[in-house]
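Under the working numbering, think of the first position of the sequence shown as 13, with each following residue one higher.
The C-beta atom is built at its ideal place from N, Cα and C for all residues, glycine as well.
Working notes for the structure below.
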Amino acid sequence: MNGKTYLGSTANGKKRLHFYFDKGSLLTKKTPIYMALLKYGHENFTFEIIQYCEPKEAVNVEQTYLDQFDFDYNINPKANSILGYKHTEETLAKMKGRQNFKGKTHSEETKQRSRDLAAEVRKNKQLNNKIKLSNLFKQVSSDGKIFRFGKIKKKGLIITDISNNQSVICNSLSVAKSVLCANNDTLLNYAKNGHLFSYFELDTLNKCLIERKLLITFENNL
């Protein structure tokens, strides 16, 4: 809704999520993320897992992200901080800086870190996705006829593996999103700019990680 983000870590995802859906907890702790959930509703938020790690490493991993990126609803500069305490002047100044950070022109280095983070999130989603691109490519016939996937819409996206020139058609942008684990804007940008899209999948037979380089084009470009 407003593009704002919040970062958290936990060794027990079920327990952690319970607090975000428990109205009593939301009303008791006056934190920015709780107040935003009450104001906008859970349906206007997206929950994403950006990295898996050992439980004992969760706080350190969270701190790494907090040090590199600004998350709008994170008021504490340190991971695993106690909520509800009276902030020091130093912390209040940092909070104010974060609020003003949105209008700042980011350096190319910061932009690249953001792109790298987005790519890592996308990679983790692809590896855990139930829809495997390799299974779709297996549907391509020997005569080269392109396989179509999903309910047909006005315009589909052609996904081509440049290593073997095999293609499948995702019959809508939403279908392509579910297969490639990327948002609509990202897919449209790749389709318009002609840049190669990275798709990761586990080869269970050879026990290795496969990276496919894909060309995404609009169907009416054929």
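Between F149 and V180, the beta carbon gap of about 6 Å places them in contact (Cβ cut-off 8 Å). Around the C-beta of I174, fewer than 16 other C-beta atoms lie within 10 Å, and the residue is accordingly described as exposed. R224 has Y211 as its beta-bridge partners, per DSSP. In the three-state DSSP reduction, F230 falls in the strand class (E or B). Annotation: D82 is outside any alpha helix (DSSP H) and is labelled neither H nor E by DSSP. Between the stretch 157-171 and the stretch 124-139 there are fewer than three C-beta pairs closer than 8 Å, too few to call the two in contact. 9 Å or more divides the Cβ of L214 from the Cβ of L226. Judged by DSSP secondary structure, S179 falls within the beta strand (DSSP E) whose first and last residues are 178-182. Contact between N92 and V71 is confirmed by a C-beta separation of about 5 Å, below the 8 Å threshold. Per DSSP, reduced to three states, the secondary structure at T198 is helical.
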